[in-house]
Amino acid sequence: DLPPGMTARERRHTMRGAPLWARSATVLAGPAFNIALTLIVFFGLTLYGGVPEDTARIGSVQTLPTGPVPLQAGDTILSLNGAATPDFATLAAVAKDLRNVATVTYVVDRAGQTLTFQGPNPVPPLVNSVSMGSAAQDAGLQPGDLFLKVGDTAIAGFDQMPALVEASGGKPVDLTIQRGPETLHITLTPRRVDLPNADGGFDTRWLIGVTGSTLFDPMRRSPSLTEAATISAQQSWYMAKTNLNGIWQIIRGTISSCNISGPIGMAKVAAAAVQSGLEAFIGTLALMSLTIGLANLLPIPVLDGGHLVFHIYEAVFRRPPNDRVMQVLMTAGLAILLSLMVFAFSNDLFLCA
């Protein structure tokens, strides 16, 4: 039925009177923009930051509190402790096997000259960033701190840390760290965290909330437009898969509902990303845009995904859902959405703070 005073031509320009394809396109426009924005940002970051060269050539070297490092930007690492390192992927695998080795023999090519010298572990136990609201932040750990011991175990490389923290089972851990010229002793209690894995699923682990970094960063090159587009699509797909799988795992109760957060939690994540630099911050905002777009596609009435379900029903049965049914479903959808918002704020403020 037409509202009083409205012609059939005028009704076609309203949401309910427009053709089904036009209504569906309007509903999809918001989530599509969020997803497209993520793709564009990842594409831009890939072009700006470049991609690692195929060889194990060093672009920059970290500064350690223990003193200068013999490596230099432009060096090509030929081997670590006798294991050949033709590229950074191989180098990373070799470095993982050397996680317990404090002093490593490096063979490098420097301007055509082959040099051999001793140096620190290629993945030193150096804090790169501290997660907001983590056990590490509460205990006062800072970027640039160097782990010396976990309990009575001496630390040679950062890759030792996860197993030692996991072995604590959530009990307090004694850390010995070096901060500048000072040696400090800190005790903290690891927290249970759900971490995305390479398959898009989640692993639940005890963590203290710090990230490490390699002793050196690879020399980077400018990718082609096609290569950058492919990388951005792969990154976006992985993030989307992880997000959707995370929602499903929360519904099943496999991972903690503390993974649901509101604006306060998102602000904390963004603030933590700032520690890792502008690129990490922009990438985090792009990930949030993707998350919002995917959340909007959930089949909950009131959200765009709910409207899309109604449109599919209309396409299949050649008529829109009954107005009374629509009203009940929209009310239920609004109640679900408001409940989720209250729950997310509660997580941010006190349930998971």
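Note that the sequence shown covers residues 245 to 597 in the numbering used here.
Glycine is no exception: its CB is placed at the ideal position from the N, C-alpha and C atoms.
* Asked: Quick one: is V305 buried, meaning 16 or more other Cβ sit within 10 Å of its Cβ, or exposed?
  -> By the 16-neighbour rule on beta-carbons within 10 angstroms, V305 is buried.
* CA-to-CA distance, L459 to A515, given in whole angstroms -> The straight-line gap from Cα to Cα measures roughly 25 Å.
* At which residue ranges does the segment 375-419 contain complete alpha helix (DSSP H) runs of 4 or more residues, listed in the order of the chain? -> The segment 375-419 contains these whole alpha helix (DSSP H) runs: 379-383, 405-411.
* Asked: Relative to the alpha-carbon of A337, which residue among S323, T347, A346 has its alpha-carbon at the smallest distance?
  -> Put simply, of S323, T347, A346 the residue whose alpha carbon is nearest the alpha carbon of A337 is S323.
* What are the uninterrupted segments assigned as alpha helix (DSSP H) that are 4 or more residues long and contained completely in the segment 473-530, given in chain order? -> Listed in chain order, they are 507-518.
* Asked: Can you name, in chain order, every residue of its own chain whose Cβ lies under 6 Å from the Cβ of R465, other than the five neighbours on each side?
  -> Listed in chain order, the non-local C-beta contacts of R465 below 6 Å within the same chain comprise G294, E297, local neighbours out to five positions each way being set aside.
* **M510 to L595 span [Cα, whole Å]** => A straight line joining the alpha-carbon of M510 with that of L595 spans about 15 Å.
* Asked: Where L578 and P462 are concerned, what is the direct C-alpha to C-alpha distance, given to the nearest angstrom?
  -> Near 50 Å, if we compare the C-alpha coordinates of P462 and L578.
* Report the three-state DSSP secondary structure of S373 (helix, strand or coil). => It is a strand residue.
* Asked: Do you know offhand how far G445's Cα is from A355's?
  -> G445 and A355: Cα-Cα distance of roughly 44 Å.
* Asked: In the DSSP assignment, what residue or residues form a beta bridge with R436?
  -> In the DSSP output, where bridge partners are listed per residue, R436 has W450.
* Asked: Which residue or residues does DSSP assign as beta-bridge partners of I430?
  -> Answer by DSSP bridge pairing, in chain order: L419.
* Rounded to a whole number of angstroms, what is the C-alpha to C-alpha distance between Y350 and G384? -> Spanning the alpha carbons of Y350 and G384 requires a straight line of approximately 34 Å.
* Excluding the 5 residues preceding and the 5 following G274 in the sequence, name in chain order all residues of the same chain whose CB lies nearer than 8 Å to its CB. => Exclusion of the five residues before and after G274 leaves G537, N540, D548 as the residues of its chain whose Cβ lies within less than 8 Å of its Cβ.
* To do: Determine the DSSP secondary structure at Q217, reduced to helix, strand or coil.
  => Residue 217 is absent from the structure shown; the chain starts at 245 and stops at 597.
* Own chain residues within Cβ distance below 7 Å of A472, not counting five before or after -> Correct list, in chain order: F287, T290, L291.
* To do: Go through the segment 527-562 residue by residue and report every complete run of the alpha helix (DSSP H) that reaches 4 residues or more, in order.
  => Listed in chain order, the complete alpha helix (DSSP H) runs (minimum 4 residues) inside the segment 527-562 are 548-561.
* To do: Mark Q598 as exposed unless 16 or more other C-beta atoms lie within 10 angstroms of its C-beta, in which case mark it buried.
  => This structure cannot settle anything about residue 598, because the visible part of the chain is limited to 245 through 597.
* Asked: Taking the DSSP output, what are the residues bridged to P366?
  -> DSSP output for P366 lists no bridge partner at all.
* **Proximal residues to A559 (C-beta, below 7 Å), its chain only, five neighbours per side dropped** => Cβ neighbours of A559 beyond the five flanking positions: L264.
* **Distance between F554 and D245 (C-alpha atoms, nearest Å)** => The pLDDT assigned to D245 is 49, lower than 50, so where the model puts this residue is not dependable; a value taken from the coordinates is nonetheless given after this. Each residue's alpha carbon lies about 19 Å from the other.
* **D245 (DSSP reduced to helix, strand or coil)** => Because D245 carries a pLDDT of 49, less than 50, the predicted location of this residue cannot be relied on, and the following value inherits that uncertainty. Coil at D245, not helix or strand.
* Under the DSSP definition of a beta bridge, which residues are partnered with S304? -> Note: S304 sits in a beta bridge opposite D461.
* Asked: Going by DSSP, what residues sit across from Q357 in a beta bridge?
  -> DSSP output for Q357 lists R354 as bridge partner(s).
* Asked: Counting Cβ pairs closer than 8 Å, one from the segment 492-507 and one from the segment 440-454, do we hit at least three?
  -> Contact check between the segment 492-507 and the segment 440-454: three or more CB pairs, one atom from each, fall below 8 Å, which counts as touching.
* Looking at L390 and L359, is the spacing between their C-beta atoms short of 7 Å? -> Their beta carbons are not under 7 Å apart, which means L359 does not touch L390 by this criterion.
* Asked: Under the DSSP definition of a beta bridge, which residues are partnered with S580?
  -> Inspection of the sequence shows that residue 580 is occupied by Ile rather than by Ser. Listed as beta-bridge partners of I580 by DSSP are no residues whatsoever.
* Could you tell me the distance, in whole angstroms, from the CA atom of L283 to the CA atom of L534? => Distance between the alpha carbons of L283 and L534: 9 Å.
* Asked: What's the call for W450, buried or exposed, on a 16-neighbour Cβ count within 10 Å?
  -> Buried, because 16 or more other Cβ atoms sit within 10 Å of the Cβ of W450.
* Asked: Looking only at C-alpha atoms, which of P309, F332, T310, G326 sits nearest to D319?
  -> Here the closest residue by C-alpha is F332.
* If you draw a straight line from the alpha carbon of N278 to that of G424, how long is it in whole angstroms? -> A direct Cα-Cα distance of roughly 43 Å separates N278 from G424.
* To do: Give the DSSP-derived three-state secondary structure of P565 in the structure shown.
  => Per DSSP, reduced to three states, the secondary structure at P565 is coil, with no helix or strand assignment.
* **Boundaries (first-last residue) of the alpha helix (DSSP H) holding S466** => Note, S466: premise wrong, no alpha helix (DSSP H); not H, not E.
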